[in-house]
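One line per chain: the protein sequences are A and B, in this order. For the first sequence, position 43 matches number 43 in our numbering, and the numbering has no gaps at all. Numbers given in our numbering equal positions in the second sequence, counted from 1, plus 1000. In what follows, a structure is listed as structure tokens, so that the remarks can point back to it.
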Amino acid sequence: MVVSDPDLFEKYSHDETPDLYQEPILVFRPKSISEMAKMLRLASKEKIPIVPRGGGTGLAGGAVPVKGSIVLSTERMDKIIEVDTVNMVVVVEAGVITGNLASAVEKYDLFYPPDPASLDTCTIGGNIATGAGGSNTLKYGSTRDYLFGLTVVLADGTILNLGGKNVKDATGYNLISLFCGSEGTLGVIGKAILKLVRKPKKRIDLLIPFNDLKSAVNAATGILKLSHIPAALELMEEKAITYVEGYLDKKFPFPKAPVILLLRIDGDDKDLLMKMAGEISDVSSGAKDCFVAQTPSEQRKTWEARRAISDALKSRGKLYHEDIVVPRSEISEFIPAVHQIGNKYGLEVILYGHLGDGNIHINLIEPDKKGLLKFRTDIYRSAKKLGGKISGEHGIGCIKSNYLNYSLDKATVDTMRVIKMALDPKGILNPKKVLPEKRR
Amino acid sequence: MKNLKEWQNELNICIRCAYCFEGCPVFKVLGWEADTARGKTILAYGLLTDELKPSKYVTDKIFQCTFCRDCVERCSANISVPEILAAARADLVEAGFAFESHNHMIANVKKTGNIFGDPEAKAPKREGTIPVFIGCQFLARPNQTKLYLRILEKLGLRPEIKEEICCGFPLFALGFRKDLKTHKEKFLKLFPEEEIVALCPTCMAYLHEGYGKKVKHVTQLILEHLPKANLGIKATYHDPCDLSRVTDIIEEPREILKKIGVEIVEMEKNRKASHCCGGGGGILSTDEKLSDQVAARRIEQAKATGADLLVTPCPTCEQVLKKASKGEIQVRNISDLIWKALKTLK
């Protein structure tokens, strides 16, 4: 239940964010919500900071301990409690691995769509705490859209049971939404009731190569106007693919091109899907070709490559990563602006990510520190001008907290502070995360 | 705090990296956080949110800035520090915290058109083809002005000089916003031209930033027409902040010096990273001691080059550095050298 041997602290001292490492003073690993509540009561009494932790796959340092803190890991709370096929919901403990949940419900022909790239290691609790997205967000929405019910433990150990299995619920404030994306600063997620959808029977993946970014983005704009929305519309720059091939030491069925769009369309009617594929190919006027991956093995390979990009880039050196989101309509302005800003500071920018969501992952390998800081604020300003936000799916954590003001106005940040004070007056829950340092 | 209100978002986006500490000439002398851009923006934020009341202390700190823009160059967040400070100054002035010397200076501008209140400081009017703006600092140095005009004429150019008034930068920088608008209208009546040549770096920067004019600095114009000469001397060059960091005129004066046979020995801090002379932002009239201390640091850097001549195109830099040099290194305006070189070509 409690890990006190410092030799075992290593895995709790970091997440996937480069350069962040801090050992906790202790690790709590509750087996149940009541144990979790007891631990929080104790921490609250002693005023010891608690850093909740799911799979530790975060990219914003949200789960990295602060000095003198206790990590509260949900790893032992990994039970899928119930799959309710009538109400089409699944009841899970916070520590369930997202990928395991997805495969568990597939048996019942049900589908849990949110699919962060780290789905084999990340947990539902972490997904909820960060409001995680994934490639399927375009058609299906992010974790936030699948929350029917939530059990949350507050800083003082109070247990809140929110929502239920109801399709609709207008009873009182929507606290579920408040806790989703709060990154462990308002309460700790213990259990969730998640909405499921029917599993689409067929799916087709399309690979469309382009000679340049502009044609790819133009094609994407056209695709999004079609009658059926793709489940995923991803962008990959050639460099990212080359790195993945090197990293996994295998070749992928990707055409050689500076930019590739990767699409997934799904549904029940194969003919309709083929018709959609045809329409997509038609609107992709600037494309060099259009490849269809229909067999499961081809599809697996395609997505294996896409999901490995982040790890592949990391293997090249210290990786700096952004997940800015802009309105879809502005992505064609935003992407060239990012490259331009990169050039201004002599930084090589590698882009990939959820083009369809306007959520592009911006990556720099071993960037020069001074140039990087200016690059960051410039792209944040540029996103703001276009109506975007500094995080689309990774959250703010500690690495972006001081940049929150680039997306939110003072009144909003002040309101967030009021909420934090109300729910965690002693400030023990994940301190120094999300909210910016006060100006004085 | 209506002027600061416009900068609310900008004030919120400092990420406290403290890079602005590194080159701030005022911080290097005084050493308090309130002397840095970060500290000053926190003060401004306090004024804006009413957590800080306007006071003599806050006013002193907000005005202890030379507007050298070293912080802007370094700022991770690209925050417009001078504009924020100008807004804070305007709010403080409106709250009744103007410095007496600044009140006096602005009254002079209203009365005589120039900051010195000297009715004799008139522009040497002449017909010509290139509109040239002299600026208060050069009007107060008629010989220096004449030298520049003589250089231009010798290069076959015809500067057009008309009646002029202050460019308006002091009103902007010292917080006299209420007077600025009418002053600018008056200025535009006298200078409706789109393109203009300015002698003073600060006027040049403000004609560009405050009026959106296409402005050339006189050194750029001279360089285009200057013949080669060989003075055979060694000198160090001091970049005026308004040329290097604000308007990107960095190589032109150096090219001039090279063309007339001056070997340049660079100071450790040069070009965009140049150290301020200490004469800008109004501190010359409110905190001369601080100005002297900043200038003394620059003189030390100049002496370390081993050169016994420091050249600069800015009249304020020249004045402040000359005083701080205590005769240990010669300080000259670039025009002196250009004229000397032209004379050798007779």
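Here a beta-carbon is modelled for each residue, glycine too, at the ideal position from N, C-alpha and C.
- Sequence-ordered contacts of the stretch 1060 to 1092 of chain B with chain A read R1074, C1075, S1076, A1077, N1078 and I1079 [C-beta pairs closer than 9 Å].
- Annotation: Cβ neighbours of D409(A) in chain B (cutoff 9 Å, chain order): Q1008, N1009 and N1012.
- When C-alpha distances from M39(A) are compared across V92(A), K314(A), I331(A) and V153(A), the shortest belongs to V153(A).
- For K432(A), the three-state secondary structure derived from DSSP is coil.
- Between C1024(B) and chain A, the shortest Cβ-Cβ separation is not below 8 Å.
- With fewer than three CB-CB distances shorter than 8 Å, the stretch 379 to 390 of chain A does not count as touching the stretch 41 to 48 of chain A.
- The secondary-structure analysis by DSSP pairs M236(A) across a beta bridge with I260(A) and Y352(A).
- For K1258(B), the number of other beta carbons within 10 angstroms of its own is below 16, and it is reported as exposed.
- At least 8 Å separates the beta-carbon of M88(A) from that of K31(A).
- Secondary structure of L26(A) (DSSP, three-state): strand.
- At a cut-off of 8 Å between beta-carbon atoms, R1016(B) makes contact with chain A.
- When secondary structure is reduced to three states using DSSP, H394(A) falls in the coil class, being assigned neither helix nor strand.
- Considering only D249(A), A192(A), H14(A) and S103(A), the residue with the shortest C-alpha distance to L59(A) is H14(A).
- Separation of the CB atoms of L313(A) and A240(A) is rounded to 7 Å, and the pair is thereby assigned contact status at 8 Å.
- Annotation for G1232(B): G1261 place their beta carbon closer than 7 Å to its own, counting only its chain and skipping 5 residues before and after.
- In the three-state reduction of the DSSP assignment, S1291(B) falls in the helix class.
- Any Cβ of chain B closer than 8 Å to the Cβ of D145(A) would place that residue at the interface, and such an atom is absent.
- Using a Cβ distance threshold of 8 Å, F1172(B) and G1210(B) count as a contacting pair.
- Only residues of its own chain outside the window of five on either side were considered, and among them P1054 and T1059 have a CB closer than 6 Å to the CB of F1097(B), listed in chain order.
- Rounded to whole angstroms, the separation of the alpha carbons of M36(A) and E93(A) is 12 Å.
- Annotation: the continuous alpha helix (DSSP H) that includes S315(A) extends over P296 to S315.
- Within the stretch 391 to 404 of chain A, N402 and Y403 place their CB atoms closer than 8 Å to a CB of chain B, listed in sequence order.
- Any Cβ of chain B closer than 8 Å to the Cβ of K374(A) would place that residue at the interface, and such an atom is present.
- Of the candidates N363(A), D357(A), K370(A) and S135(A), K370(A) places its Cα closest to the Cα of Y345(A).
- Residue pairing of Y1237(B) in beta bridges, as defined by DSSP: V1311(B).
- Beta-bridge partners of D84(A) (DSSP): V89(A).
- Contact annotation: the stretch 286 to 296 of chain A does not touch the stretch 223 to 242 of chain A, with fewer than three C-beta pairs closer than 8 Å.
- With 16 or more other CB atoms across the displayed protein chains lying within 10 angstroms of its CB, R264(A) is buried.
- Secondary structure in the stretch 1187 to 1215 of chain B: the beta strand (DSSP E) runs of 3 residues or longer, each lying completely within the stretch, are 1195 to 1198 in chain order.
- Distance from the CA atom of N166(A) to the CA atom of V91(A), rounded to whole angstroms, is 13 Å.
- Under the three-state reduction of DSSP, S32(A) is assigned to coil, being neither helix nor strand.
- Scanning chain B for C-beta atoms nearer than 7 Å to the C-beta of Y406(A) yields I1013, reported in chain order.
- In terms of Cβ geometry, R198(A) and F254(A) do not form a close pair [threshold 8 Å].
- Residue burial annotation: R1141(B) is buried, with at least 16 other C-beta atoms found within 10 angstroms of its C-beta.
- Annotation for F1021(B): F1027 and T1036 place their beta carbon closer than 6 Å to its own, counting only its chain and skipping 5 residues before and after.
- With its beta carbon at least 8 Å from every one in chain B, E322(A) lies outside the interface.
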